[in-house]
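Sequential numbering of the sequence shown, starting at 8, is according to this note's numbering. First up is the structure itself, then whatever we jot down about it.
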Amino acid sequence: MSSSRRSSRSPATVGGDLRVALTRVSRRLRAERGEADLPEGQFGILTVLHKHGEMSPGSLAEHERVRPPSMTRAVNTLTELGLVEKVEHATDRRQVVVRLTPAGSREVAETRRRRDAWLTKQLSTLTGEEREILAGASELLIRIAAR
């Protein structure tokens with residue numbers, strides 16, 4: 008594509024193209040799952056706990072922007088699968104906190120490994136120049152996401 012063609016594209020046009028591309032790549036990455044083959048919402052709970060440590064079900068619901076009853080159902084499912092455990096709150100015995108089990112940590116690691124492997128395989132088919140373009144685009148997308 009010529010540089011004049013690239014510079015003349017409007018933010019709306021680029022935005023539409025990016026939205027479609029990011030949605031497709033994201034959908035394809037989400038298809039790569041660990042052994043438990045969790046729905047994305049349940050895997051998201053594991054990743055939050057992996058990153059932030061134990062949390063109350065209410066805090067998890069707030070973080071994931073879901074209603075508390077929905078979070079309770081998801082946490083119960085993950086507990087039954089042995090991926091999280093509910094333990095007594097350190098200072099308030101009326102509350103529980105949810106924490107990742109070793110099996111949950113392994114599920115996060117395996118899902119990430121599979122997703123990274125898929126993406127690495129796709130990137131290996133590109134030229135060095137194309138990978139550099141994507142590296143620059145990644146930095147820009149990270150900036151946009153941080154706003």
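Ideal Cβ placement from N, Cα and C applies to all residues, glycine included.
State buried or exposed for residue 41, treating a residue as buried only when at least 16 other CB atoms are found within 10 Å of its CB.
Locating residue 41 in the sequence shown gives position 34, counting from the first residue. Per the 10 Å Cβ criterion, buried.
Ignoring anything shorter than 4 residues, give me the alpha helix (DSSP H) runs that lie fully in the region 39 to 109, in order along the chain.
47 to 59, 64 to 71 and 75 to 87
In terms of alpha-carbon separation, which member of 63, 73 and 117 lies closest to residue 99?
Residue 99 sits at position 92 when you count from the first residue of the sequence shown. For the residues 63, 73 and 117, the minimum Cα distance to residue 99 belongs to 63.
Roughly how many angstroms separate the alpha carbons of residue 90 and residue 83, rounded to a whole number?
Against the sequence shown, residue 90 aligns to sequence position 83. Against the sequence shown, residue 83 aligns to sequence position 76. The alpha-carbon separation between residue 90 and residue 83 amounts to approximately 10 Å.
Relative to the C-alpha of residue 114, which residue among 95, 141, 44 and 140 is closest?
Indexing the sequence shown from 1 puts residue 114 at position 107. Of the listed residues, the one whose Cα sits closest to residue 114 is 44.
When you compare each of 15, 127 and 153 to residue 142 by their alpha carbons, which one comes out closest?
Residue 142 sits at position 135 when you count from the first residue of the sequence shown. Ranking 15, 127 and 153 by Cα distance to residue 142 puts 127 first.
Residue from 75, 74 and 123 with nearest C-alpha to residue 35:
By one-based count along the sequence shown, residue 35 stands at place 28. When only C-alpha atoms are compared, the closest one is 123.
Just to confirm, are residue 67 and residue 105 a CB contact at a threshold of 8 Å?
In the sequence shown, counting from the first residue as 1, residue 67 sits at position 60. In the sequence shown, counting from the first residue as 1, residue 105 sits at position 98. Their beta carbons are under 8 Å apart, which means residue 67 touches residue 105 by this criterion.
Alpha helix (DSSP H) containing residue 28: first to last residue?
Walking along the sequence shown from the start, residue 28 turns up at place 21. Element bounds for residue 28: 18 to 37.
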